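Each remark here refers to the structure printed beneath this line.
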Amino acid sequence: MLILSRKLNESIVIDGRIIVKILRIERDTVKLGIQAPVELPVHRQEVYDLIQRNKQAGQGAGGGAIPGAIPKSPIAHVTPPNENGGSSASSRPPGSNSEQPK
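Positions 1 to 102 (the numbering used here) are the ones given, in order, by the sequence shown.
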């Protein structure tokens, strides 16, 4: 594991295609902005784990639909940060399914 220190508004670049930027730091929470190619899915760990469990359950059940399973989401659109460093919900395209931080 690579461990890096970054300050507000600083970024790291992964493979020349993924940019992770520190947008906000408040107490014990860090808000990150992730810019990645549209063909590369980006999920919070708990969402990724749920998707993987649903895939495994689907393979064992003959590949049918799983009640309560998370459907494959459309490719999320990258929302440019607003002047305050955050993203504006009103600037998201209709039907955008971007994940909100907790």
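Built from N, CA and C at the ideal position, the CB exists for glycine as well.
Here the structure is a predicted model, which means the values were calculated and not measured.
Given a threshold of 16 other Cβ atoms within 10 Å of its Cβ, counted over all protein chains shown, does residue i qualify as buried or as exposed?
i: Gly-16; result: exposed
i: Gly-33; result: buried
Rounded to whole angstroms, what is the Cα-Cα separation between residue i and residue j?
i: Leu-2; j: Leu-8; result: 19 Å
i: Leu-4; j: Ile-14; result: 12 Å
i: Lys-21; j: His-43; result: 16 Å
i: Gln-59; j: Arg-27; result: 42 Å
Where does the unbroken beta strand (DSSP E) through residue i begin, and where does it stop?
i: Lys-21; result: 18-26
For the alpha helix (DSSP H) containing residue i, name the first residue and the last one.
i: Leu-32; result: Run containing Leu-32: none in the alpha helix (DSSP H); it sits in the beta strand (DSSP E), 29-35.
i: Ile-51; result: 45-60
Round the Cβ separation of residue i and residue j to the nearest angstrom and send it over; I've been treating them as touching at under 8 Å.
i: Lys-31; j: Leu-23; result: 5 Å
i: Ser-11; j: Ile-19; result: 5 Å
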